[in-house]
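All remarks here apply to the structure that follows.
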Amino acid sequence: MSKVVIIPAGQWGTALAVPLRDNGRDVVLWQKRAKMEAIANVEFLILAPPSAIFREIAADVLPKLSPHTIVISVTKGLEDASLMRTSQIVEELSPHHARKFTVLSGPSFAGEVSQRKPTAVVAASHSSEASEKVQRLFCTENFRVYRTKDVIGVELGGMLKNIVALAAGISDGMGCGDNARAALITRGFREMVILARAEGAREQTLRGLSGIGDLILTCTSVKSRNYSTGFSIGRSGSVGRKRGITVEGIRNAQLVLKLSERNRLDLPLFSQIAKVVAGERSPQTALKELMTRSVKDEDLIF
-15 MSKVVIIPAG
-5 QWGTALAVPL
5 RDNGRDVVLW
15 QKRAKMEAIA
25 NVEFLILAPP
35 SAIFREIAAD
45 VLPKLSPHTI
55 VISVTKGLED
65 ASLMRTSQIV
75 EELSPHHARK
85 FTVLSGPSFA
95 GEVSQRKPTA
105 VVAASHSSEA
115 SEKVQRLFCT
125 ENFRVYRTKD
135 VIGVELGGML
145 KNIVALAAGI
155 SDGMGCGDNA
165 RAALITRGFR
175 EMVILARAEG
185 AREQTLRGLS
195 GIGDLILTCT
205 SVKSRNYSTG
215 FSIGRSGSVG
225 RKRGITVEGI
235 RNAQLVLKLS
245 ERNRLDLPLF
255 SQIAKVVAGE
265 RSPQTALKEL
275 MTRSVKDEDL
285 IF
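FYI, in the numbering used here the residues of the sequence shown are -15 to 286.
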């Protein structure tokens, strides 16, 4: 029986324990600050912290692991100072574990996973052996896992969709209507692909579960923290903060703007959302600037 440790025991980590236990796995949930003993020989470690503290948790845990442990990340976001993805942080901290490092992402609300509602996600690893093991670890009649080697694409898809979800929520909160939301999702997806490709991802990956699949989910449901936060911004005209709740799209909007500038890309939607959440633009001004840009071809060939 495979032993799996999940750190920390938050909403998403606890939800993932459900398909694991359904599969007969020995699952241990740990809070961030709990004393961690006897983890040297665990077969799988799942890291589920907010992106802001991913390095802190990984730096504490990775040295304690066996070199054979497969590390799985379900964190979506970039590191503030370096703009590193989780795979890059693990590569820096523990090159040995980076070889089998796996990212798990896709359209998956924690509540529905906990309720055993049908869910499909994707596991990305440079190691086919690792991604196949993760498939077997999780797959049940309610939880299906596909696999890919495009780690960059899966990481960026899972993170960038949060910013588009903010935009969709802002649009709905302003009462812009269904037409506007559909346009924002479509053009937002285009910007996701452009930035992901510039970072070395495959466009095909963004067209899968971790990209457009997750995008559809988070842009169309009030269960999405990013959508509901965007809705509040659009309705009130300002960014409110709820203590104890992590909204990755808010935190990562500025980081994605820096990433696009580093790649010398013009991504108007991402740029405007970053300015709105930073308090530099009102939602109304951002909308006007997007709608009055110079006209052009639709540019479907990214």
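Even glycine gets a Cβ: it sits at the ideal position worked out from N, Cα and C.
Expected contact under 8 Å - CB spacing of residue i and residue j to nearest Å
i	j	result
residue 278	residue 218	With 8 Å as the limit, residue 278 and residue 218 do not qualify as a contact, their Cβ atoms being about 25 Å apart.
residue -10	residue 23	11 Å between Cβ atoms; not a contact.
residue 87	residue 57	5 Å
residue 90	residue 105	3 Å
residue 117	residue 54	6 Å
residue 237	residue 147	5 Å
For residue i, the first and last residue of its enclosing beta strand (DSSP E)
i	result
residue -13	-13 to -9
residue 10	10 to 13
Through-space distance from residue j to residue i, alpha-carbon basis
i	j	result
residue 158	residue 207	19 Å
residue 270	residue 74	37 Å
residue 121	residue 168	37 Å
residue 280	residue 115	42 Å
residue 101	residue 276	43 Å
residue 153	residue 61	19 Å
residue 107	residue 36	22 Å
residue 125	residue 263	45 Å
residue 222	residue 231	15 Å
residue 195	residue 187	9 Å
residue 197	residue 160	23 Å
residue 177	residue -2	31 Å
residue 109	residue 59	15 Å
residue 193	residue 33	21 Å
residue 81	residue -5	25 Å
residue 170	residue 113	35 Å
residue 52	residue 42	16 Å
residue 99	residue 7	15 Å
residue 0	residue 127	10 Å
residue 14	residue 21	10 Å
residue 93	residue 200	12 Å
residue 267	residue 191	28 Å
residue 111	residue 260	40 Å
residue 162	residue 273	19 Å
Bridge partners - residue i, DSSP secondary structure assignment
i	result
residue 254	DSSP lists no partner for residue 254.
residue 31	-9 and 57
residue 88	107
residue 130	106
Own chain partners of residue i with C-beta closer than 8 Å, once the 5 adjacent residues on each side are dropped
i	result
residue 179	140, 144, 240, 243, 244, 247, 249, 251 and 254
6 Å CB neighbourhood of residue i in its chain, flanking five on each side removed
i	result
residue 9	-14 and -12
residue 85	55, 71 and 74
residue 123	129
residue 4	-12 and 11
residue 213	231
N- and C-terminal bounds of the alpha helix (DSSP H) containing residue i
i	result
residue 274	267 to 275
residue 179	162 to 182
residue 147	135 to 157
residue 75	70 to 77
residue 196	Where residue 196 is concerned, there is no enclosing alpha helix (DSSP H), given that its DSSP letter is neither H nor E.
residue 263	No alpha helix (DSSP H) holds residue 263; DSSP gives it neither H nor E.
residue 98	94 to 98
residue 246	232 to 246
residue 192	Per DSSP, residue 192 belongs to no alpha helix (DSSP H) and is neither H nor E.
residue 112	112 to 122
residue 40	38 to 45
residue 212	209 to 220
Close beta carbons around residue i, own chain, < 7 Å, minus the five adjacent residues each side
i	result
residue 211	149, 152, 153, 202, 203 and 205
residue 185	134, 136, 137 and 140
residue 119	107, 129 and 131
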